[in-house]
Amino acid sequence: MEKSNRKITLKVIIGYVILATVAVTTIFLVFTEIKNFLNLKREDISDRNKVIAVGNLIANIYENESIARAAIQSGSQAQYNNYIYKNHLLNDDIDSLKTKLVNEHQILLLDSVKQLIAVKFENIGALKRIKEDDISEKSIEKALQKINTIESSVGRLTIHDFAEDPDALTPERKKTIEEYIAIVNKYRPKEQDELKSENRLDSIVIAAREMLKEVKRDALIQKNNLSAKENSLLKSDLNVSKSLRNLLFNLENEILLHSEKLNKERDSALNKSSKILILSTIVGSILIILFSFIILNDFWKSQKYRKELEKANAYTNSLLQSREQLISMVSHDLRTPLSTVTGYTDLLAKISTDSKSKYYIDRISKSSKYMKDLVDDLLEFSKLERGTISIEKIPFLLNPIIDEVMVSVKSVYPDKDIKLNVEYTSNIEKSILGDPFRVRQILYNLVGNAYKFTDSGEIKIETKSFKNAERKQFLQIRVSDTGIGIPLEKQPIIFQEFTQIEGENEKKYDGFGLGLTISKKLANLLDGELSFISEEKKGSTFILTLPVEYSVKPIAKLKPKHINIAAHSHVIVIDDDATLRQLLTDILQDKKLKVTAFETAKKALKAMENLPYDLVITDIQLPKMNGFHFMEILKSSSFYKQQPIIASTGRKDLKGDIYKESGFSDIIFKPYGAKELIATVSKWLPKADLKLEIEPPAAVDIQNFKHFNLAPISSFLNNDIESLKDTLQLFLNETEINIETLKSGVENRDLETIHATSHKMLTMFKQLEIKKVIPSLTYLDKLKDINDSELDSTFKNLLEHTALTVAEMEKFID
1 MEKSNRKITL
11 KVIIGYVILA
21 TVAVTTIFLV
31 FTEIKNFLNL
41 KREDISDRNK
51 VIAVGNLIAN
61 IYENESIARA
71 AIQSGSQAQY
81 NNYIYKNHLL
91 NDDIDSLKTK
101 LVNEHQILLL
111 DSVKQLIAVK
121 FENIGALKRI
131 KEDDISEKSI
141 EKALQKINTI
151 ESSVGRLTIH
161 DFAEDPDALT
171 PERKKTIEEY
181 IAIVNKYRPK
191 EQDELKSENR
201 LDSIVIAARE
211 MLKEVKRDAL
221 IQKNNLSAKE
231 NSLLKSDLNV
241 SKSLRNLLFN
251 LENEILLHSE
261 KLNKERDSAL
271 NKSSKILILS
281 TIVGSILIIL
291 FSFIILNDFW
301 KSQKYRKELE
311 KANAYTNSLL
321 QSREQLISMV
331 SHDLRTPLST
341 VTGYTDLLAK
351 ISTDSKSKYY
361 IDRISKSSKY
371 MKDLVDDLLE
381 FSKLERGTIS
391 IEKIPFLLNP
401 IIDEVMVSVK
411 SVYPDKDIKL
421 NVEYTSNIEK
431 SILGDPFRVR
441 QILYNLVGNA
451 YKFTDSGEIK
461 IETKSFKNAE
471 RKQFLQIRVS
481 DTGIGIPLEK
491 QPIIFQEFTQ
501 IEGENEKKYD
511 GFGLGLTISK
521 KLANLLDGEL
531 SFISEEKKGS
541 TFILTLPVEY
551 SVKPIAKLKP
561 KHINIAAHSH
571 VIVIDDDATL
581 RQLLTDILQD
591 KKLKVTAFET
601 AKKALKAMEN
611 LPYDLVITDI
621 QLPKMNGFHF
631 MEILKSSSFY
641 KQQPIIASTG
651 RKDLKGDIYK
661 ESGFSDIIFK
671 PYGAKELIAT
681 VSKWLPKADL
691 KLEIEPPAAV
701 DIQNFKHFNL
711 APISSFLNND
721 IESLKDTLQL
731 FLNETEINIE
741 TLKSGVENRD
751 LETIHATSHK
761 MLTMFKQLEI
771 KKVIPSLTYL
781 DKLKDINDSE
791 LDSTFKNLLE
801 HTALTVAEME
811 KFID
């Protein structure tokens, strides 16, 4: 599955890399085309500006030509000067346009235009001069008109007497009229003097007219020549204008063609970009589909493997559950006969006198213990696997536990000649806060293994206390032996379950391979560490390191109690196992107790309606009606008078507190011996029937304290003053923590914290009868709606009276 996931991840990465490459390539190509498009766009704008400039130039040329013609026609010098000025501006516009062009051919065209404009300028000047020369002909014409007027004044006829505009007449018509006028003037009657004067005048006029006519003829010839020249100049000007227009149109067309070419290139760039985008989209889509198919194919395989794995996991879980159920069932089914065997072994030990019988009984007892240890280890391992083990924190002394473990283990191996040395650290003689049962369990496994795998030599137990770099206190216990050691290949798996070490010649040692596994897990639960150093054939050293806190006061040592139970108490026994039922009956009857035994809970309930009794012992796993159901029905019946009910079970996966919380008075776990049974029963029989031979410690002189009462817990602790002080010290430590938690809850208006903490504090405050604080805790425990002022007032009152109580207790402890 992990390989498949890595495979999918690699394919996804490759797919993303290829898609990213396609995307980057596409972006690069499109960016290049966009860049080209923008450049073409700029060139197109430049060409448009050039076309506009050429258009303006053409318009200005036309305008300038109009001004020139007007100047020629009118002969106005001002208009001619304006033409000269406009002509200079045209040359400037051409120079300005040349700076915008980069094409050499277009620049040459502009130079040609400029030259043609210069030629045109010269032609216009020449035309103006020709027009100015035409004035002499007009002067001759005026002179002739003046002579004609003189002739009219002396009575002679003139052509003007016959035509208003002689010039409008045809030449033939004009000649005929002139000949007629000449004849009339010649034969007109005249006086002598007049005739002489007229003859002289006539001679002068005729001579002047003839001269003027000759001049006019010359002027006409000149005019014709000038007209021919003017026509030539006009033709030349037209040619120049035409050439100019052609040049400008060619220039404009070239620019337009270039602009059109740019537009085509721009469209080509856009089309190319579109094709690139379309192609990249197609390629990307194909890649996405391809890799999606590949990845989905792997995903479907992965899902298939996942389902198979889930199926296998479900099967494994069902096997684990089956294993736990099997362990639970087997342990219960083993505990019942083991209890029977242990009970009858105890009874046989009392009546056996010969050594052979005692030997047999001893063998049976040891075998029973072996089976009991196996069941206990299996159950302990099962609870550790499920994480249902809780750790206690109570004061205890380490040295007595080590001594107890040494004696207990040594008694199992009485025939082994092994020297046992213990080195205690002085500061560990103080009481420790922790879980003594779990520490004892770990040490028993370690010391037991040391004895088991050591045939001769020495076993050494060392204890020391130290602080780490963070100034945190630690306890270290080292268990060393000179046994067979642990082979190098076994060392990495030594803490795995069911791992066993073989000695020389494949010798197998007793055990189940669970001791070290359980010890390692317990050490971790205690926030500690279990490690080892070992060398094959030289021995091993196991090192248990635990964080510790030291208790303020030492643990009080109680003297042993000798319990005797008086006769006549009536006990009801309910168990579906006939052998165990008979064993319980025999043990209790041996103590002079009256016993009535039943196989099922239903039979017991039916009989108990008319049967007086003092105590009930019931198995939990009963047929048809289990122990819990039986207890509930019994307590709800009319014949139940608060008699104690003791539960008997082989299940150790449930804590004893669960049974007590459910309504049972006490719990006794199978397998148990006669001593355990009698000790448990004796706690609950009526006081009149109990005669206990006890050597209690010195009684406490209970004072009349102002804020609390020690009587209830003093009797519970057998009036042991040291135990009483330790209990009060623990109460003060817990109260300090609870007050801080409660303060936080009140400040944050957290009802859940207020309820949980006040409910937790109430039990011990009621036990010590701290009456001035109990009402405040009760109010906080039942608080539903928060009233800020009332809540603050109640909490303030609680703090004041708690402070007074704490001060009085500390004074008592000191």
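full-length UniProt numbering applies: residue 1 is where the sequence shown begins, and numbers increase by one. For every residue, glycine included, the Cβ atom is placed at its ideal position computed from N, Cα and C. Fair warning: this is a prediction, and the values are worked out from it, not measured in the lab.
Secondary structure within the stretch 384–436: the beta strand (DSSP E) runs of 3 or more consecutive residues, fully enclosed, are 394–396, 418–423 and 432–434 (chain order).
Apart from the 5 residues on each side of it in sequence, residue 787 has no Cβ closer than 6 Å to any other Cβ in its chain. Spanning the alpha carbons of residue 52 and residue 94 requires a straight line of approximately 13 Å. When beta bridges are read from the DSSP output, residue 598 appears opposite 574.
According to the DSSP assignment, residue 805 belongs to no beta strand (DSSP E) but to the alpha helix (DSSP H) extending over 788–813.
Around the beta-carbon of residue 684, 16 or more other beta-carbon atoms lie within 10 Å, marking it buried. Spanning the alpha carbons of residue 488 and residue 437 requires a straight line of approximately 32 Å.
For residue 473, the three-state secondary structure derived from DSSP is strand.
Exclusion of the five residues before and after residue 416 leaves 451, 454, 455 and 456 as the residues of its chain whose Cβ lies within less than 8 Å of its Cβ. Inter-residue distance for residue 527 and residue 547 is about 7 Å (C-alpha atoms, whole angstroms).
Secondary structure at residue 170: coil, using DSSP grouped into helix, strand and coil.
In this structure, residue 483 sits near residue 540, with a CB-CB distance shorter than 8 Å.
In the DSSP assignment, the residues bridged to residue 481 are 459. Here DSSP, grouped into helix, strand and coil, assigns residue 744 to helix.
Under DSSP, residue 667 takes part in a beta bridge, and its partners are 647. Non-local C-beta neighbours of residue 121 in its own chain, meaning closer than 6 Å and more than five positions away in sequence, comprise 87, ordered along the chain. Judged by beta-carbon spacing, residue 338 lies within the 8 Å limit of residue 372, meaning their Cβ atoms are closer than that value.
For residue 619, the three-state secondary structure derived from DSSP is strand. Taking all protein chains in view, the Cβ of residue 318 is surrounded by fewer than 16 other Cβ atoms within 10 Å, so the residue is classified as exposed. In this structure, the straight-line span from the alpha carbon of residue 405 to that of residue 738 is close to 37 Å. Assignment of beta-bridge partners to residue 542 by DSSP yields 479 and 532.
Counted as a single uninterrupted DSSP element, the alpha helix (DSSP H) harbouring residue 99 occupies residues 77–100. Residue 782 is not a Cβ neighbour of residue 774, given a cutoff of 8 Å. If you draw a straight line from the Cα of residue 741 to the Cα of residue 755, it is about 11 Å long.
Nearest C-alpha to residue 666 among 675, 674, 672 and 648: 648. In the three-state reduction of the DSSP assignment, residue 465 falls in the strand class, which pools E and B. Of all C-beta pairs linking the stretch 493–500 to the stretch 466–485, fewer than three are shorter than 8 Å, placing the two stretches out of contact. Rounded to the nearest whole angstrom, the CA to CA distance from residue 358 to residue 446 is 31 Å. Judged by pairs of C-beta atoms under 8 Å, the stretch 572–591 touches the stretch 611–622, as three or more such pairs exist. With the rule of 3 Cβ pairs closer than 8 Å, the stretch 622–639 does not count as touching the stretch 303–319. Counted as a single uninterrupted DSSP element, the alpha helix (DSSP H) harbouring residue 524 occupies residues 515–525. Residue 549 has 433 as its beta-bridge partners, per DSSP. Residue 17 sits in a helix when the DSSP states are folded into three classes.
Counted as a single uninterrupted DSSP element, the alpha helix (DSSP H) harbouring residue 630 occupies residues 627–636.
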